[in-house]
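Residue numbers (the UniProt record's numbering): 1 to 302.
As structure tokens, this is what we get:
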């Protein structure tokens, strides 16, 4: 089963949200499945007592988002736009209006939505419902009041503090746990390119750079390509770190985290670490980072 575009990862260290999910009509949970090839599994779905996602009409979502008003736009990407909305119940949600180009047919979409709806993990944003009116394809998620990781890493407001090093490590741990759940613990598992995806997030957290940034000079537009030369020389690891941190990090911690992300970049998949090993390593590094002195402290004490 391919990775669906609507899976989102979060960390409770950055995002505070209401974990309650609206329970309504059609059986859909954080992963998505129904129709023909799900009939045999229908009994299992109904007996698992998951929070059930809801089938929304397009009209309901138009009302919730005030006809997808520009002022309610909270995100935009290759898969579509995301709007803040308020349901009749008063619950605030995020409504993702998917780009129809390349989307599968109605039946396949419902199957994937029902599979997504079965996912329940503290590091995955909960899918509340969906809409398939006509040719519309929309997904409704719990609303994250503090925004996405990008809101805390890139294009910060003048009075906005950058994420500190320890918080970044805790976010990396959360992302790794979410991926481990998808790959190893979800039933059925969702197979995606785990270490490559995690490596990209880790790079963003370490460097404070976007994965692709066309505003930078050509040699720096692709984050992974730009960082490879630094990963080959341990003495250059420190040059990867987000300058906004201003030395507020442990050099030892940075070296270890960069080494872990470098292992995830191995060209041959069988040389890359297992996701479970990455989780353990990042959990340990995060626990140590809280008590390690930062580089500014070390410098001032010399």
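Where is the CB? At the ideal position from N, CA and C, for every residue including glycine.
For residue i, the first and last residue of its enclosing beta strand (DSSP E)
| i | result |
| --- | --- |
| residue 142 | 138-142 |
| residue 223 | Here residue 223 belongs to no beta strand (DSSP E); instead the alpha helix (DSSP H) covers 223-231. |
Beta carbon of residue i nearer than 9 Å to that of residue j
| i | j | result |
| --- | --- | --- |
| residue 281 | residue 260 | yes |
| residue 205 | residue 153 | yes |
| residue 286 | residue 172 | yes |
| residue 127 | residue 138 | no |
| residue 129 | residue 111 | no |
| residue 244 | residue 156 | yes |
| residue 187 | residue 118 | yes |
| residue 234 | residue 265 | no |
| residue 166 | residue 290 | yes |
| residue 162 | residue 242 | yes |
| residue 164 | residue 248 | yes |
Residue i versus residue j - alpha carbon distance
| i | j | result |
| --- | --- | --- |
| residue 255 | residue 240 | 10 Å |
| residue 79 | residue 96 | 9 Å |
| residue 198 | residue 258 | 12 Å |
| residue 202 | residue 185 | 22 Å |
| residue 87 | residue 237 | 47 Å |
| residue 283 | residue 292 | 15 Å |
| residue 90 | residue 107 | 30 Å |
| residue 85 | residue 132 | 18 Å |
| residue 149 | residue 58 | 29 Å |
| residue 175 | residue 123 | 7 Å |
| residue 317 | residue 146 | For the chain, the structure presents residues 1 to 302; residue 317 sits outside this window and is missing. |
| residue 231 | residue 94 | 37 Å |
| residue 125 | residue 82 | 14 Å |
| residue 168 | residue 208 | 10 Å |
| residue 278 | residue 143 | 29 Å |
| residue 98 | residue 200 | 23 Å |
| residue 50 | residue 226 | Because the pLDDT at residue 50 is just 49, under 50, the model does not fix this residue reliably, and the value given afterwards should be weighed accordingly. Approximately 44 Å, taken between the alpha carbons. |
| residue 274 | residue 253 | 21 Å |
| residue 55 | residue 92 | 16 Å |
Bridge-paired residues (DSSP) for residue i
| i | result |
| --- | --- |
| residue 95 | 83 and 140 |
| residue 130 | 55 and 139 |
| residue 212 | 222 |
| residue 76 | 81 |
Endpoints, alpha helix (DSSP H) assigned at residue i
| i | result |
| --- | --- |
| residue 90 | Taken as a continuous stretch (DSSP letters only), residue 90 belongs to no alpha helix (DSSP H), as it is neither H nor E. |
| residue 278 | 275-289 |
| residue 177 | 165-180 |
| residue 253 | 251-264 |
| residue 152 | 149-153 |
Residue-chain proximity (residue i, chain D), Cβ-Cβ < 9 Å
| i | result |
| --- | --- |
| residue 221 | Considering every chain present, this structure includes no chain D. It has just one protein chain. |
Near the ligand GDP: residue i beta-carbon under 8 Å from a heavy atom
| i | result |
| --- | --- |
| residue 170 | Looking for the ligand GDP in the displayed structure turns up nothing, as the structure carries no ligands at all. |
**Prompt:** Pairing CB atoms from the stretch 209-226 with CB atoms from the stretch 171-184, are three or more of them under 8 Å?
**Reply:** no
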